[in-house]
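Asks: First residue of the sequence shown: 1, per the working numbering; consecutive thereafter.
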Amino acid sequence: MFNPDNIRNFCIVAHIDHGKSTLADRLIEKTKAVSERAQRAQMTDDMDIERERGITIKSHAVRIPYTAQDGKAYILNFVDTPGHVDFTYEVSRAIASCEGAILIVDASQGVESQTLSNMYLALEHNLEILPVINKIDLPAANIPEVLHQIDHDLGLDSEQAVPVSAKTGQNIDALFEAIVTHFPPPTGSDNNPLQALIFDCNYDPYRGVIIHVRVFEGVLKPGMTIRFMNNKAEYKIEETGVFVFALVATECLHAGEVGYIIAGIKTVSDVGVGDTITDANAPCAEPLAGFKEIKPVVFSSVYPVDTNDYEELRESFEKLKLNDASLSWEKDSSLALGHGFRCGFLGLLHLEIVQERLEREFDQSVIFTAPSVRYQIHLRSGETIICDNPADYPDETKIASADEPYIKAMVITPTEYLGNIMSLCMEKRGVQAGMNYLDEKRVEMIYEMPLAEVLFDFYDRLKSVSRGYASFDYELIEMRPTDLVKIDILINGKSVDALAQLAYRPNAYKKASHVCAQLKEEITRQQFKIAIQGAIGNQIISRETVNALRKDVLAKCYGGDITRKRKLLEKQKEGKKRMKMIGDVELPQSAFLSVLKTNTD
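1) Note down, in chain order, each residue of its chain lying with its Cβ closer than 8 Å to the Cβ of T600, except the 5 sequence neighbours on either side.
2) Residues in the same chain with beta-carbon distance under 8 Å from S333, minus the five sequence neighbours each way, listed in chain order, please.
3) Note the first and the last residue of the continuous alpha helix (DSSP H) segment covering Q518.
4) Buried or exposed: which applies to Y437, given that a residue is buried once 16 or more other Cβ atoms fall within 10 Å of its Cβ?
5) Need the endpoints of the alpha helix (DSSP H) that A178 sits in, please.
6) Going by alpha carbons, who is nearest to E574 out of E145, I541, K529, E544?
7) Counting along the chain, where does the alpha helix (DSSP H) carrying Y120 start and finish?
8) DSSP three-state call for H378: helix, strand or coil?
9) Considering only the alpha carbon of each residue, which of V273, C252, T67 lies closest to A94?
10) Please go through the same chain and pick out, in chain order, the residues whose beta-carbon is closer than 8 Å to the beta-carbon of R429, but skip the five residues on each side of it.
11) If you check the beta carbons only, do E234 and A280 fall under 8 Å apart?
12) Please confirm whether V485 and A517 have their CB atoms less than 8 Å apart.
13) Let me confirm a value: P506 is counted as buried when at least 16 other C-beta atoms fall within 10 Å, else exposed. Which label applies?
14) State buried or exposed for P371, treating a residue as buried only when at least 16 other CB atoms are found within 10 Å of its CB.
15) Pull up the CB-CB distance for G347 and F299, whole angstroms please, since I reckon it's below 8 Å.
16) Any idea what DSSP makes of F10, helix, strand or coil?
17) Which residue's Cα is closest to the Cα of G169: I143, K135, H152?
18) For C284 versus P139, is the C-beta distance shorter than 8 Å?
19) Which residue comes first and which comes last in the beta strand (DSSP E) that contains G241?
20) If you drop the 5 nearest sequence neighbours on each side, which residues of the same chain put their C-beta closer than 7 Å to that of K441?
21) Please work out which residues of its chain come closer than 7 Å, Cβ to Cβ, to I562, disregarding the five sequence neighbours upstream and downstream, and give them in chain order.
22) Return the CA-CA distance between L349 and K72, expressed in angstroms with no decimal places.
23) List, from N- to C-terminal side, the beta strand (DSSP E) runs of 3 residues or more that fit wholly inside the segment 302–327.
24) I'd like the ranges of any alpha helix (DSSP H) spanning at least 4 consecutive residues and lying wholly in the segment 245–300.
25) If contacts are defined as beta-carbon pairs under 8 Å, then K20 and T67 qualify, I think. What distance do you get, rounded to the angstrom?
26) Within 8 Å, do at least three Cβ pairs link the segment 196–206 to the segment 214–221?
27) Decide if N9 is buried, meaning its Cβ has at least 16 other Cβ atoms within 10 Å, or exposed.
28) For the candidate residues T22, N118, A249, N230, whose alpha-carbon lies nearest to that of E239?
29) So what's G419 in DSSP terms, helix, strand or just coil?
30) Kindly indicate which three-state DSSP category H339 falls into: helix, strand or coil?
31) Let me know the beta strand (DSSP E) ranges lying completely inside the segment 349–377, each 3 residues or longer, listed in chain order.
32) At which residues does the beta strand (DSSP E) containing V203 begin and terminate?
33) Below 8 Å between beta carbons: does that hold for I265 and V271?
34) K30 lies in the alpha helix (DSSP H); which residues open and close that run?
35) Spatial neighbours of I532 within its chain, please: CB distance less than 8 Å, with the 5 preceding and 5 following residues excluded, ordered by chain position.
36) Going by CA-CA distance only, name the one from L358, L502, R357 that's closest to D395.
Below, the structure is given as C-alpha cells:
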C-alpha cells in the first residue's frame with residue numbers, strides 16, 4: 001500500500017570534488033540496491049568522461065530501499081547533482097524536486113564558494129539541509145575547524161552535522177538514520193489536479209525521450225494525455241516507472257514520488273527542464289515556479305579537419321543534441337576552414353566536454369575557433385544587434401557603442417593568497433564589490449568583471465596563484481558598455497576569418513602579438529617570406545615574419561667581383577617576389593589549436 005510518510009526525497013549537493021558521487025556509491029552499496037557483481041565506482045556517472053575526470057556532468061536520480069533501526073521501511077529517492085558552475089540551472093531543478101538536501105563539506109578543504117551557492121539555492125526552495133562532513137579518513141582532515149565553518153559561514157547547526165568517510169563507508173549508518181529523521185516526507189494529494197516537475201531527461205534510441213519527473217500533486221498513469229505548460233505540447237503517456245538503475249515500470253506515480261514517464265517524444269529539445277506537466281483534461285491552475293529557458297553564454301565555431309566530413313559532423317551534432325538539450329548550434333562557414341557550425345555553450349567546461357564527446361563517441365576530428373561571448377552592438381542608425389561571431393561584426397564606422405556581459409565572481413581563498421588574487425582580478429578588469437572575512441584564515445572576495453576575461457585562462461591562473469586553495473563561482477548580472485574592436489589576422493596579406501577575435505581595445509595589441517607569435521612557431525617555412533600580421537581595420541598593430549627557405553646561390557663564387565655576387569642575389573630576390581605573389585600558405589590544425597590553448601598573457 002502506498003504511504004507518502006515512508007518516502008524521503010533529497011539531493012546531494014557540494015563544491016566540485018567534495019565526494020558527492022562516492023557518497024552516492026556508499027548509499028547504494030549499503031542498501032544492496034545493486035548486486036555486488038554490478039557494483040562499480042561512480043555508479044551514478046554514465047559517461048566515460050565523467051569517470052575519467054571524476055566530475056558529474058548530468059544529474060542522476062536513484063531509488064533505494066532502507067529499513068530503519070526501529071524496523072520501519074522507507075523509500076529513499078535521491079539525485080546526485082553536478083558540482084560545476086556551468087550546470088547551476090540543472091542543480092536548481094534537481095533541488096526543486098526534493099524536500100531535503102545533503103550538503104557535503106570536505107573535511108580537509110572546508111566550506112568553498114559552491115558550497116555556499118548551493119546552500120543558498122536549497123534555502124530558496126525551503127529545503128531542509130543536512131550538513132555532512134566527508135573525507136574524515138584523510139590525515140589532513142580538520143573536523144573541529146569544519147564544524148566551526150558550518151556554524152559560522154553557513155549558519156547551520158553543527159550539532160546536526162554527520163561526519164562520514166564516503167570512501168571507506170565509515171559512519172554511513174548514522175547518515176541513513178539522520179536522513180529519515182531530519183528530512184520531512186513529501187506533501188501533496190492524489191486527488192488534486194496533476195502538477196509534476198520535469199527535473200531532467202535523457203534519450204533512449206529505442207523508446208525516445210525518458211522524462212524524469214517529481215509528482216507534487218495528482219497521479220501520473222499510462223494512457224493519460226498530459227500537457228507541458230510552457231510550450232503547450234500534449235502527449236499520451238505510454239509508461240510510468242521508477243529508477244532502480246534499470247527503469248522499472250509501475251502502474252502509476254503518486255503524489256510525492258520521483259520517477260520517469262515515456263510518451264513517444266522524439267527529441268530532447270521538445271522537453272524543457274524545469275517545465276510543469278499537468279493533465280490536459282483537468283489542468284492545474286498555475287505552473288510550478290522557477291522555469292527558465294537555458295541560454296548559452298560562450299560561443300565557438302566548430303569545423304571538421306577534413307571538409308568531406310561535414311555531413312558526418314552534422315549527424316554527430318544531431319545525436320549529441322538528443323542527449324544535451326543545452327547545446328545550441330547553427331550552420332556557419334569560413335573562407336579558411338569551409339563549412340562548419342556555430343555553437344552555444346553554458347561555459348568553458350561545457351565546451352570542453354562537447355569537444356571530447358565529438359572526438360570519442362563520434363570519432364570526429366574537429367577544429368574549435370576562439371571562444372567568444374555575446375555582445376550588444378548599438379549602430380549609429382539606432383538599431384541594436386547581437387554579435388557573438390567576429391565574422392558578423394559590422395564596419396567600425398557604423399558602430400555607435402557596444403555592451404558586453406558582466407559577471408559577479410565570488411572567490412573564497414586563504415588570506416595569504418589575497419594579494420595575488422586581487423592582482424589577477426584587477427588585471428582582468430575586475431572591480432571589487434565586496435570582501436567578507438569568513439574567519440581569521442579565509443576571506444570571500446566579490447568582484448564584478450567582464451565574462452570575456454574569464455573565458456581563456458582565469459580559472460587556471462587562479463588555481464596556480466593560490467596553489468589550488470581558492471574556489472571560484474560566478475553568475476551573470478548585466479550588460480555594460482565596453483570599447484570593443486575586431487582583431488583580424490592576416491597571413492601573407494590575406495585575412496584568415498577563423499582566427500579573427502573580438503577584444504577590448506586596450507588589450508588588443510597584446511592579444512594580436514600573442515596570436516602572431518604562436519602562428520610563427522606553427523607555420524612551416526616556404527620558399528618565400530611569410531608575413532603574419534594583426535590588424536584593427538586598416539591599421540597593422542603587430543607583425544611576425546617566417547623567414548624564407550633559401551638556396552645558397554653564392555656557394556659557387558670563390559672570390560671574384562662583388563657585382564657578380566650581387567647580381568645572383570638580386571636574381572634570387574626577384575624569383576622570391578614572384579613566388580610570394582602566387583604562393584599559398586597552408587595552416588596546419590595545430591596552428592588553430594595553439595592560438596586557443598596557450599596562455600594569452
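Every residue gets a Cβ at the ideal spot worked out from N, C-alpha and C, and that includes glycine.
Replies: Checking against the coordinates, here is how it stands:
1) Note that T600 scores 43 on pLDDT, short of 50, meaning its location in the model is unreliable; the coordinates nonetheless yield the value given after this. Correct list, in chain order: F456, D457, K510, K511, H514.
2) H339, G340
3) 505–522
4) exposed
5) 172–182
6) K529
7) 113–124
8) strand
9) Comparing Cα-Cα distances from A94 to each of V273, C252, T67, the minimum goes to V273.
10) Taking C-beta separations shorter than 8 Å and ignoring five residues to either side along the sequence, the partners of R429 in its chain run M449, P450, E453, Y504, following chain order.
11) yes
12) No. Outside cutoff.
13) exposed
14) buried
15) In fact, because the Cβ distance is near 11 Å, the residues do not count as touching under 8 Å.
16) strand
17) K135
18) With respect to P139, C284 sits apart: the two C-beta atoms are not nearer than 8 Å.
19) 239–244
20) P414, T415
21) none
22) 43 Å
23) Counting whole runs of 3 or more residues, the segment 302–327 contains no beta strand (DSSP E) stretch at all.
24) none
25) Incorrect: roughly 24 Å between the Cβ atoms, too far for contact.
26) yes
27) buried
28) A249
29) Helix, per DSSP.
30) DSSP places H339 in strand when its eight states are reduced to three.
31) Within the segment 349–377, the complete beta strand (DSSP E) segments of 3 residues or longer fall at 366–368, listed in chain order.
32) For the record, residue 203 in the displayed sequence is Tyr; it is not Val. 195–204 is the extent of the beta strand (DSSP E) around Y203.
33) yes
34) 20–30
35) I489, L490, I491, C516, L519, K520, I523, R543, E544, T545, V546
36) Checking every option, the nearest Cα to that of D395 belongs to L502.
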